[in-house]
Amino acid sequence: MKKVVSGNYAAAYAAKHARVEVVAAYPITPQTSIIEKIAEFLANGEVENLQYVPVESEHSAMAACIGASATGARTFTATSAQGLALMHEMLHWAAGARLPVVMVNVNRAMAPPWSVWDDQTDSLAQRDTGWMQFYAENNQEVYDGVLMAFKIAEKVNLPAMIIESAFILSHTYDIVDMPEQEKIDEFLPPRKPLYTLTDFDNPISVGSLATPNDYYEFRYKIARAMEEAKEVIKEVGKEFGERFGRDYSQMIELYRTEDAEIVFMGLGSLMGTVKEAVDVLRNEGYKVGAAKVRWFRPFPKEELYELAKNAKGIAVLDRNFSFGQEGILFNEAKGSLYNTDAKPLMKNYIVGLGGRDFTVQDVKKIADDMRALIKKGEIDKEIDWFHLKR
2 MKKVVSGNYA AAYAAKHARV EVVAAYPITP QTSIIEKIAE FLANGEVENL
52 QYVPVESEHS AMAACIGASA TGARTFTATS AQGLALMHEM LHWAAGARLP
102 VVMVNVNRAM APPWSVWDDQ TDSLAQRDTG WMQFYAENNQ EVYDGVLMAF
152 KIAEKVNLPA MIIESAFILS HTYDIVDMPE QEKIDEFLPP RKPLYTLTDF
202 DNPISVGSLA TPNDYYEFRY KIARAMEEAK EVIKEVGKEF GERFGRDYSQ
252 MIELYRTEDA EIVFMGLGSL MGTVKEAVDV LRNEGYKVGA AKVRWFRPFP
302 KEELYELAKN AKGIAVLDRN FSFGQEGILF NEAKGSLYNT DAKPLMKNYI
352 VGLGGRDFTV QDVKKIADDM RALIKKGEID KEIDWFHLKR
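Residue numbering for the sequence shown follows this note's numbering, starting at 2 and increasing by one per position.
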């Protein structure tokens with residue numbers, strides 16, 4: 002079945018079709034219509050066995066999700082920007098307790114100054130909490146990502162964050178293909194938790210004190226689970242493709258990179274613009290391609306290496322920035338290649354902060370800059386604040 006829906010409604014429908022049992026959330030622009038739609042489903046009697054928990058803050062929303070997930074419930078929430086920042090403490094608790102909570106974060110610039118437009122810094126600032134992160138390019142990927150996230154999270158016992166762009170996706174309508182509920186149920190059966198707090202014949206504790214003799218191993222197990230998640234992501238992505246015709250078996254989606262000398266790499270919706278630009282530039286004789294990083298956590302360094310060893314230059318497009326360092330994707334990509342023999346010229350372009358438009362013409366300018374640098378054989382400066390008013 003195909004529906005014309007916004008990115009936020011795509012997320013809400015996916016949560017419904019995943020048969021979530023507990024939703025706890027607090028409204029914040031531009032996320033609010035996700036939880037409003039789920040509340041509408043509940044009010045209209047369109048969902049069964051769903052408990053909707055209204056709370057007083059995003060911190061409480063995640064706390065409620067943690068409690069519900071620990072009892073074995075399939076649990077969902079959504080937030081943005083300052084709301085995600087307020088959740089920060091509880092994100093560590095969800096990952097540390099190995100609970101497969103799924104959350105949609107609608108990327109929004111962090112205040113101050115106040116902004117409600119697209120910027121990836123809010124989600125990327127949570128990269129070290131132990132949450133898997135999937136960045137959607139379009140509304141279809143928001144829907145598909147939520148369904149896959151539940152299956153992946155419940156296999157590896159780690160929480161997962163599906164990330165979409167404010168307004169560019171969240172409030173923009175597009176066609177989304179939604180499989181029949183029966184087929185989704187075959188792909189995503191009911192959760193079978195390893196343990197629950199309500200199994201009174203096998204009592205456990207969650208989040209208790211760990212001494213120095215034990216704590217280290219808890220961290221290692223999360224790190225190992227995150228690394229092992231790569232294969233699970235590929236397996237689930239392949240199965241999803243076989244069942245529904247949309248393949249997600251690669252953590253980095255490559256577009257026209259076979260003979261590309263210059264590769265544009267980035268996250269999320271801006272890569273739709275990049276793909277369009279690649280087609281235009283190819284027609285003008287440029288050897289360019291695009292690499293969309295679908296999963297930022299776990300970071301797909303093996304796939305990046307296979308791409309980088311054949312490229313002359315990689316332009317990393319960051320709609321984010323880590324103050325005192327550089328764009329976050331650029332920093333991760335560069336570090337991942339440090340101990341390898343893949344040494345393409347890499348430059349970081351800071352684009353679109355606070356929702357500033359990123360266009361096909363912008364990509365062409367970056368291509369011309371990269372062409373000149375490759376001809377020169379060296380990078381003049383690693384970081385280019387591309388959209389800075391001068």
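Just so it is clear, CB atoms sit at the ideal spot from N, CA and C, and this is done for glycine as well.
None of these values were measured; they are calculated from a predicted model.
For this session: Taking 8 Å as the threshold, find out whether the region 129-148 comes into contact with the region 35-44 through three or more Cβ pairs.
Result: In short, these stretches do not touch, since the Cβ pair count stays below three.
Exercise. Since Ala292 and Met252 are thought to touch, with beta carbons under 8 Å apart, how far apart are those beta carbons, to the nearest angstrom?
Worked result: As a first step, residue 292 must be located in the sequence shown, where it is residue number 291. As a first step, residue 252 must be located in the sequence shown, where it is residue number 251. Beta-carbon to beta-carbon, Ala292 and Met252 are separated by about 11 Å, too far to satisfy the 8 Å threshold.
For this session: Check whether the Cβ atoms of Phe324 and Tyr350 sit closer than 7 Å, and answer yes or no.
Result: Walking along the sequence shown from the start, residue 324 turns up at place 323. Walking along the sequence shown from the start, residue 350 turns up at place 349. No, these two residues do not count as a Cβ contact at 7 Å.
For this session: Could you tell me which uninterrupted alpha helix (DSSP H) segments, each at least 4 residues in length, are contained entirely in the region 296-374, listed from first to last along the chain?
Result: 302-309, 329-338
Problem set entry | Whether Ile223 touches Trp296 by CB criterion (7 Å) | Locating residue 223 in the sequence shown gives position 222, where the first residue counts as 1. Locating residue 296 in the sequence shown gives position 295, where the first residue counts as 1. Cβ atoms of Ile223 and Trp296: not closer than 7 Å.
Exercise. At which residues does the alpha helix (DSSP H) containing Val281 begin and terminate?
Worked result: Residue 281 sits at position 280 when you count from the first residue of the sequence shown. Unbroken alpha helix (DSSP H) run through Val281: 271-284.
Exercise. Between Glu1 and the rest of its own chain, which residues show a CB-CB distance below 8 Å, the 5 nearest in sequence each way excluded?
Worked result: Nothing can be reported for residue 1, as the shown portion of the chain is limited to 2 through 391.
Problem set entry | Segments of 4+ residues assigned as alpha helix (DSSP H) that fall wholly inside the region 142-208 | 182-188
For this session: Identify every residue that forms a DSSP beta bridge with Tyr216.
Result: Within the sequence shown, the letter at position 215 stands for residue 216. Answer is none; Tyr216 lacks a bridge partner.
Exercise. From Val279, Val24, Asn311, Ser250, pick the residue whose C-alpha is nearest to that of Pro301; which is it?
Worked result: For the purposes of this step, residue 301 is identified with residue 300 of the sequence shown, where counting begins at 1. Closest option to Pro301, judged by alpha-carbon separation, among Val279, Val24, Asn311, Ser250: Ser250.
Exercise. DSSP beta-bridge partners for Thr80?
Worked result: Here residue 80 refers to the residue found at position 79 of the sequence shown. DSSP lists Asn106 as partners of Thr80.
For this session: Go ahead and label Ser209 buried or exposed: buried means 16 or more other beta carbons lie within 10 angstroms of its beta carbon, across all protein chains shown.
Result: Working through the sequence shown from its first residue, we reach residue 209 at position 208. With fewer than 16 other Cβ atoms within 10 Å, it is exposed.
Problem set entry | Euclidean distance between Cα positions of Asp369 and Gln362 | By 1-based counting over the sequence shown, the position of residue 369 is 368. By 1-based counting over the sequence shown, the position of residue 362 is 361. When rounded, the distance between both Cα atoms is 11 Å.
Exercise. Does the beta-carbon distance from Met133 to Leu159 come in below 7 Å?
Worked result: Here residue 133 refers to the residue found at position 132 when the sequence shown is read from its first residue. Here residue 159 refers to the residue found at position 158 when the sequence shown is read from its first residue. Cβ atoms of Met133 and Leu159: closer than 7 Å.
For this session: Less than 8 Å between the CB atoms is what I'm expecting for Thr1 and Val102, so what's the real figure, rounded?
Result: Because the chain is modelled from 2 through 391, residue 1 falls outside the range shown and cannot be assessed.
Problem set entry | Alpha carbon of Ile164 to alpha carbon of Lys288, nearest angstrom | The count along the sequence shown starts at 1 and reaches residue 164 at position 163. The count along the sequence shown starts at 1 and reaches residue 288 at position 287. Going by the C-alpha atoms only, they are around 30 Å apart.
Exercise. Does DSSP put Phe241 in a helix, a strand or coil?
Worked result: Indexing the sequence shown from 1 puts residue 241 at position 240. Of the three classes helix, strand and coil, the one that applies to Phe241 here is helix, per DSSP.
Exercise. What are the residues that DSSP puts in a beta bridge with Pro55?
Worked result: Position 54 of the sequence shown holds residue 55. Looking at the DSSP output, Pro55 shares a beta bridge with Ala26.
Exercise. Terminal residues of the continuous beta strand (DSSP E) containing Ile263?
Worked result: Translated into the one-based positions of the sequence shown, residue 263 becomes position 262. 263-267 is the span of the beta strand (DSSP E), which, as asked, contains Ile263.
Exercise. How many angstroms separate the CA atom of Lys156 from the CA atom of Ser70?
Worked result: The count along the sequence shown starts at 1 and reaches residue 156 at position 155. The count along the sequence shown starts at 1 and reaches residue 70 at position 69. Going from the Cα of Lys156 to the Cα of Ser70 covers about 14 Å.
Exercise. For Thr80, is the classification buried or exposed, using 16 other Cβ atoms within 10 angstroms of its Cβ as the cut-off for buried?
Worked result: Start at 1 with the first residue of the sequence shown, and residue 80 comes out as number 79. It is buried - the Cβ of Thr80 has at least 16 other Cβ atoms within 10 Å.
For this session: Find out if the Cβ-Cβ distance for the pair Ile185, His60 is shorter than 7 Å.
Result: In the sequence shown, residue 185 corresponds to position 184, counting from 1. In the sequence shown, residue 60 corresponds to position 59, counting from 1. Result no, Cβ atoms of Ile185 and His60 do not sit closer than 7 Å.
For this session: Would you decide whether Val105 is buried or exposed? Buried here means 16 or more other CB atoms lie within 10 Å of its CB.
Result: Mapped onto the sequence shown, residue 105 falls at position 104. Buried, by the Cβ-count rule.
Exercise. In or out: Met393 buried (at least 16 other Cβ within 10 Å) or exposed?
Worked result: The requested residue 393 does not occur in the structure, where the chain is confined to residues 2 to 391.
Exercise. Given a threshold of 16 other Cβ atoms within 10 Å of its Cβ, counted over all protein chains shown, does Val237 qualify as buried or as exposed?
Worked result: On the sequence shown, position 236 is the one that residue 237 refers to. So Val237 ends up on the buried side.
For this session: Go ahead and pull the three-state DSSP assignment for Phe42.
Result: Looking up residue 42 in the sequence shown gives position 41. In the structure shown, Phe42 sits in a helix (DSSP, three-state: H, G or I).
Problem set entry | Residues of its chain near Val5, where Cβ-Cβ distance is below 6 Å and the 5 sequence neighbours each way are ignored | Position 4 of the sequence shown holds residue 5. Cβ neighbours of Val5 beyond the five flanking positions: Tyr174, Ile176.
For this session: Helix, strand or coil for Pro48, going by three-state DSSP, please let me know.
Result: For the purposes of this step, residue 48 is identified with residue 47 of the sequence shown, where counting begins at 1. Per the sequence presented here, residue 48 reads as Val, with Pro not at that position. Reduced to three states, the DSSP call for Val48 is coil.
Exercise. Within the present structure, is the beta-carbon of Val48 separated from the nearest heavy atom of the ligand HEM by less than 6 Å?
Worked result: As for the ligand HEM, it is missing from this structure, which has no ligand bound.
For this session: Would you mind reading off the limits of the alpha helix (DSSP H) that contains Ala12?
Result: Walking along the sequence shown from the start, residue 12 turns up at place 11. That run of the alpha helix (DSSP H) goes 8-18.
For this session: Could you tell me which of Glu183, Ala278, Leu125 sits nearest to Arg320, measuring between CA atoms?
Result: Your numbering for residue 320 matches position 319 in the sequence shown. Residue Leu125 is the option with its Cα nearest to Arg320.
For this session: Could you check the C-alpha separation between Phe219 and Lys376 for me, to the nearest Å?
Result: Within the sequence shown, numbered from 1, the residue matching residue 219 stands at position 218. Within the sequence shown, numbered from 1, the residue matching residue 376 stands at position 375. Here the alpha carbons of Lys376 and Phe219 stand approximately 49 Å from one another.
For this session: Would you mind working out which of Leu374, Gln326, Thr33 sits nearest Phe168, comparing C-alpha positions?
Result: Translated into the one-based positions of the sequence shown, residue 168 becomes position 167. The shortest Cα separation from Phe168 among Leu374, Gln326, Thr33 belongs to Thr33.
For this session: Give me the Cα-Cα distance between Asn340 and Glu333, rounded to the nearest whole angstrom.
Result: Within the sequence shown, numbered from 1, the residue matching residue 340 stands at position 339. Within the sequence shown, numbered from 1, the residue matching residue 333 stands at position 332. One C-alpha to the other measures close to 13 Å.
Exercise. Three-state secondary structure (DSSP) at Ala98?
Worked result: Sequence index remark: in the sequence shown, residue 98 carries index 97 (1-based). Reduced to three states, the DSSP call for Ala98 is coil.
For this session: Express the C-alpha separation of Asp202 and Arg247 in angstroms, rounding to a whole number.
Result: Working through the sequence shown from its first residue, we reach residue 247 at position 246. Working through the sequence shown from its first residue, we reach residue 202 at position 201. Roughly 43 Å between the two C-alpha positions.
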